[in-house]
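Comments concern the structure below.
Residue numbers (my numbering): 173 to 501.
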């Protein structure tokens, strides 16, 4: 097998705008089937994206011998059930972030994939971008000295009050939708898991956390403590940036999580009152993500980020959510 045959469960915007085009443009995959509860929407998307088969339902897609792997962009509340169903059907799985509603659910999903001998990955695209690789290398080289502070922001303003991200039963909320990025980044750049954390949230009329601020403390082995701040909102002007502050300088990435695929990546290095800029190639980080997944399935290469990382990320999200709920009382 030289080309991974993908099926997509659902016709969500992220699938339509980003992931399906990335798979169709990739060098090792092709979307050949799609299923949606709204069949007319699936048929429209299939025609636009040259997808050959529209299945009647998710189960029919999973039962097909023409599908090797599935992408799951369903609401967070449905990730566990359909990931386990896909694993039991022998399909490899790329599931949208966050992987599950809780770390316990994520562990069940990883165990199901391991039992079935299939690959499971969480769809965090940003960490495949060369900006992230360059930042990690700069930290490794000690360009800003010892890392002390991580700050990240991911905000946008939802205009559709019926959006699933404003639904508590569907696993919505700012922390789950975009706070997972800042948590993942903090874990990635420290190379450690947080020892402690706290959170505070603004719960809107929707019932979900519409704005959230989380704080984490890391103590990497043999290194000084690092504190991380995660600021997210679904009710604020858009922005996706992060800062890494060390003892000898600061790294700033203005388009940290959703850079334009047609523009060079940019890293700002602040040292001694001067600012220098480092540029990386313009790339589609979604395409890099699906190609990495494809290499793992087709060539047996380890994933850049294994599924166990998603479980660890969920543990931190659980901790922050619990802290915010306790502070609310």
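Cβ coordinates follow ideal geometry from the N, Cα and C atoms, glycine included. Computed from a predicted model, the values in this text were never measured in an experiment.
Of all the beta strand (DSSP E) runs that stay within the bounds of the segment 266-336, which reach a length of 3 or more residues? Within the segment 266-336, the runs of beta strand (DSSP E) that reach at least 3 residues and sit entirely inside it are, in chain order, 292-295, 319-329.
Grouping DSSP H, G and I as helix and E and B as strand, with all else coil, what is residue 209? Residue 209: coil per DSSP, three-state reduction.
If you run the structure through DSSP and keep just helix, strand and coil, what is residue 255? It is helical.
Quick check: the segment 328-338 against the segment 484-498, are at least 3 beta-carbon pairs closer than 8 angstroms? The segment 484-498 is not in contact with the segment 328-338.
Can you tell me whether residue 481 is buried or exposed? The criterion is at least 16 other CB atoms within 10 Å of its CB, across all chains shown. Classification for residue 481: buried.
Mind checking whether residue 346 and residue 404 have CB atoms under 8 angstroms apart? A contact, by the Cβ cut-off of 8 angstroms.
Identify the residues that DSSP records as bridge partners of residue 224: which are they? Looking at the DSSP assignment, residue 224 forms no beta bridge with any residue, so it has no partner.
Cβ neighbour criterion (16 or more within 10 Å) applied to residue 366: Here residue 366 is buried, its C-beta having at least 16 other C-beta atoms within 10 Å.
Can you tell me which of 211, 240, 216, 202 puts its alpha carbon nearest to the alpha carbon of residue 227? Ranking the options by Cα distance to residue 227, first place goes to 211.
Sort 419, 377, 413, 409 by Cα distance to residue 397 and report the nearest one. In terms of CA proximity to residue 397, 419 leads the group 419, 377, 413, 409.
So for residue 347, helix, strand or coil by DSSP? In this structure, residue 347 counts as helix in the three-state DSSP scheme.
Contact with chain D by residue 379, beta-carbon distance below 8 angstroms: Protein chain content of the structure displayed is limited to a single chain, and chain D is not contained in it.
For residue 316, collect the residues of the same chain with a Cβ closer than 8 angstroms to its Cβ; drop the 5 residues on either side in sequence, then sort them by chain order. Excluding sequence positions up to five before and after residue 316, its CB lies within less than 8 angstroms of the CB of 310, 416, 417, 418, 419, 420, 421, 422, 423, 441, 443, all in the same chain and listed in chain order.
Helix, strand or coil for residue 241 per DSSP? In the structure shown, residue 241 sits in a strand (DSSP, three-state: E or B).
How is residue 375 classed by DSSP in three states: helix, strand or coil? Secondary structure at residue 375: strand, using DSSP grouped into helix, strand and coil.
Assign residue 457 to buried or exposed, taking buried as 16 or more other Cβ atoms, counted over all protein chains shown, within 10 Å of its Cβ. The residue is buried, with at least 16 neighbouring Cβ atoms inside 10 Å.
Is the separation between the beta-carbon of residue 298 and that of residue 465 shorter than 8 angstroms? In this structure, the beta-carbon distance from residue 298 to residue 465 does not fall below 8 angstroms.
Local conformation of residue 494 per DSSP, three classes: In this structure, residue 494 counts as helix in the three-state DSSP scheme.
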